[in-house]
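Student:
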Amino acid sequence: MRFPGGANGKTERVAEPEIESFEKLVALLNYPMYVVTTQADGVMAGCLVGFASQTSIHPPRFLVGLSPQNHTFQVAAGATHLAVHVFDHEHLDIVELFGGQTGDKINKFDRCSWHPGPAQMPILDDAAAWFVGKILDRFSLGDHVGHLLAPVAGSPPHELERWVSFGDVRDLQPGHEA
Ligand SMILES: Cc1cc2nc3c(=O)[nH]c(=O)nc-3n(C[C@H](O)[C@H](O)[C@H](O)COP(=O)(O)O)c2cc1C
């Protein structure tokens, strides 16, 4: 078995048992899920993202991994910013819309409430919190492409009790295979 994109950019050979134990471990982790939207040349896109994390405090930085298979990746390639949304459990339907459907087939924005926000990013009205980040860099993470963001605007939550996490969507069939 091979994992693409090792530290030196070359494909690395990883033994089966190591992969199995890695996969078992990450399947148990319960990390936050985000809906990431973007816009370029008047085309809007958005998908559910689990591969995302803050990476720096000073300066503030956040990394979003997008699969090149996704409609969102194609639109993000021409975009300057991404909008990162956190959802409370009560709006799981919107999270499932963005993770279970593809913009290649439907317009997700016809099926939810949104408004144009900073840098013309589509902001989802049901989100508990969001921020818009300027795309500083793009680089390979393996089979996903990292988009390094510098936050430029946002709406923090008053409180966030039951935010949607991986455990809520682990059985969701993605709109696109990764
Ligand atoms: C649990 C889960 C986690 C996901 N994580 C990511 C991710 O980190 N990055 C990504 O690009 N897609 C991820 N996806 C897949 C996309 O959200 C999904 O394929 C979506 O339908 C793509 O929509 P699009 O083609 O309109 O961009 C995930 C899907 C699920 C169900």
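Residue 6 is where the sequence shown starts when you use my numbering, and the numbers rise one by one after that. Think of the CB as a built atom: it goes at the ideal place given N, C-alpha and C, for glycine as much as any other residue.
(1) Just to check my reading of the structure: Val91 and Trp168 have Cβ atoms closer than 8 Å, yes? What is that Cβ distance to the nearest angstrom?
(2) Is any heavy atom in ligand 1 found nearer than 7 Å to the beta carbon of Gly172?
(3) Taking DSSP as the reference, what is the three-state secondary structure of His90?
(4) How long is the line joining the alpha carbons of Val41 and Val69, rounded to whole angstroms?
(5) Below 6 Å CB to CB, which residues in the same chain sit around Gly180 once its five sequence neighbours on both sides are set aside?
(6) I'd like the list of long-range same chain contacts for Gly83, defined as Cβ closer than 7 Å, with 5 residues on each side in sequence excluded.
(7) Using CA coordinates, which residue listed in Asp109, Arg116, Ser61, Arg143 is at the minimum distance from Leu87?
(8) Sorted by chain position, which residues of the same chain lie with C-beta nearer than 6 Å to Leu146's C-beta, five sequence neighbours on each side aside?
(9) Look at Ala77 and Ala50 and say whether their C-beta atoms are less than 8 Å apart.
(10) Leaving out the 5 sequence neighbours to the left and right, which residues in its chain are closer than 6 Å to Val48 when beta-carbon positions are compared?
(11) Please classify Gly138: is it buried, with 16 or more other beta-carbons within 10 angstroms of its beta-carbon, or exposed?
(12) Tell me the rounded alpha-carbon separation between Thr43 and Pro127.
(13) Please list the terminal residues of the continuous beta strand (DSSP E) segment that includes Gln44.
(14) In the DSSP assignment, the beta strand (DSSP E) including Asp142 goes from what residue to what residue?
(15) At the level of alpha carbons, what is the spacing between Phe136 and Ala155?
(16) List the whole-angstrom C-beta distance separating Leu53 from Phe103, where the pair is believed to meet the contact cut-off of C-beta under 8 Å.
(17) Would the C-beta of His152 count as close to ligand 1, meaning under 7 Å from any of its heavy atoms?
(18) Run the CB neighbour count on Leu129, radius 10 Å, all protein chains shown included, and call it buried at 16 or more, exposed below.
Tutor: Per the coordinate set shown:
(1) That pair is a contact at about 5 Å.
(2) Because no heavy atom of ligand 1 lies under 7 Å away, the Cβ of Gly172 does not count as near it: no.
(3) In this structure, His90 counts as strand in the three-state DSSP scheme.
(4) Linking Val41 to Val69 through their CA atoms gives a straight-line distance of about 8 Å.
(5) Gly105, Gln106, Thr107.
(6) The residues Ala45, Asp46, in chain order, have a CB closer than 7 Å to that of Gly83 in the same chain once the five nearest residues on each side in sequence are set aside.
(7) Looking at the Cα atoms, Arg143 is the closest of the given residues.
(8) Result list for Leu146: Gly70, in chain order.
(9) It is Thr, not Ala, that sits at residue 77 in the sequence shown. Yes, Cβ-Cβ distance for Thr77 and Ala50 is below 8 Å.
(10) Cβ neighbours of Val48 beyond the five flanking positions: Val80.
(11) When all chains shown are included, Gly138 counts as buried.
(12) If I take the Cα positions, the gap works out to 6 Å.
(13) The continuous beta strand (DSSP E) containing Gln44 extends over residues 39–45.
(14) First-last of the beta strand (DSSP E) with Asp142: 134–145.
(15) Taking the straight line from one Cα to the other gives about 10 Å.
(16) About 5 Å; that satisfies the 8 Å criterion.
(17) Checking the Cβ of His152 against ligand 1 gives no.
(18) Flag for Leu129 reads buried.
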